[in-house]
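Undergrad: So for the sequence shown, this note's numbering puts the first residue at 727; every next one is plus one. For each residue, glycine too, the CB sits at the ideal point set by N, CA and C. It should be emphasised that the depicted structure is a prediction, and the values quoted were computed from it without experimental measurement.
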Amino acid sequence: MSGLVYGILWILTRAVGRVFLHYRTRGAEYVPATGGVLLAANHASYADIPLLGCGVRRRLFYLGRANLFPSPLVGRILRALGWIPLKPERWDRQAFRTAVELIKAGKAVVIFPEGTRTTDGTLQPGKPGIGLLVAQAQCPVVPVYLRGTYQVLPMGASWLRRHPVEVSFGQSMDFREECRQYQGKELYQRISHTVMARIAELRGVDHSAVPTT
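1) State the Cα-Cα distance for the pair H748 and H889, rounded to the nearest angstrom.
2) By how many angstroms is the C-alpha of C905 removed from the C-alpha of L804?
3) Are at least three pairs of beta-carbons, each pair with one atom in the segment 763-777 and one in the segment 865-884, less than 8 Å apart?
4) Measure the beta-carbon distance from V893 to L807 and round it to whole angstroms, keeping in mind my assumption that it falls under 8 Å.
5) Let me know the beta strand (DSSP E) ranges lying completely inside the segment 758-838, each 3 residues or longer, listed in chain order.
6) Does the beta-carbon distance from V763 to V835 come in below 9 Å?
7) Taking the continuous beta strand (DSSP E) assigned at L872, which residues delimit it?
8) Between T845 and P851, what straight-line distance do the alpha-carbon atoms span, to the nearest angstrom?
9) Here's the rule I'm using: 16 or more other beta-carbon atoms within 10 Å means buried, otherwise exposed. How should D900 be labelled?
10) Pick helix, strand or coil for V893, following the three-state DSSP scheme.
11) Per DSSP, T751 forms a beta bridge with which residues?
12) Going straight from the alpha carbon of R902 to that of S728, what length do you get?
13) Taking the alpha-carbon positions, what's the K853 to A923 distance?
14) If you drop the 5 nearest sequence neighbours on each side, which residues of the same chain put their C-beta closer than 6 Å to that of A935?
15) With DSSP as the reference, please indicate the residues paired to M899 in a beta bridge.
16) Would you say L828 and F895 are within 9 Å of each other, going by their C-beta atoms?
17) Is F746 near the ligand PLP - that is, is its Cβ less than 8 Å away from at least one heavy atom of it?
18) Taking C996 as the reference, give the member of Q820, W736, G753 and A773 with the closest Cα.
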């Protein structure tokens with residue numbers, strides 16, 4: 727049942743995005759159709775979650791702050807749809823364990839390496855948590871840059887604003903060599919820095935070289 731609801735919401739969000747936000751995606755073919763994968767995206771707005779999701783033709787699971795939605799009922803519904811609540815005040819082993827298990831089971835999981843939304847639309851440094859997740863899951867990472875979502879729903883805003891949105895996906899990244907050469911904090915930081923650098927590159931992607939949908 728949750729898969730059906732997810733599919734309906736996917737269609738509705740994509741339709742609304744196309745009509746009101748001139749929604750477009752670039753490089754979506756870089757997201758593998760099957761198999762465990764981690765998508766790492768910049769975080770500018772609460773709108774990032776649905777607008778990233780409707781750009782991928784497979785179901786996504788999201789790591790997100792546990793206190794994002796205070797209502798227990800809303801929380802239960804979102805968990806059924808694929809939200810993995812993450813306690814931000816400490817290292818949440820359970821949330822990361824759930825994400826790793828999903829990836830190893832062939833699912834696609836989304837993480838926002840910055841850890842929180844940007845206050846001014848600019849990229850923030852990545853947290854080492856993505857490095858730990860990649861090291862444990864041994865999975866490919868697809869970088870994602872969401873353009874325009876900050877203008878659609880900036881921090882503190884109560885209503886959506888009309889603004890073009892574009893989601894750019896990059897080629898998958900393989901960190902198996904780094905996992906063999908480094909370990910611990912150094913490994914996690916290297917992965918985090920590399921992923922954020924790739925996301926930053928997507929911000930200035932050559933649109934003529936990437937197909938749009």
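TA: This is what the structure holds:
1) 8 Å
2) 33 Å
3) yes
4) So it is not a contact: roughly 19 Å between Cβ atoms.
5) 763-767, 786-791, 809-812 and 834-837
6) yes
7) V867 to R873
8) 13 Å
9) exposed
10) strand
11) V893
12) 34 Å
13) 13 Å
14) Residue confidence is low: A935 scores 44 on pLDDT, short of 50, so the model does not pin down where it sits. No coordinate-derived value is stated.
15) V867
16) no
17) The ligand PLP is not among the ligands present in this structure, which contains no ligands whatsoever.
18) This structure gives no information on residue 996, because the portion of the chain shown stretches from 727 to 939.
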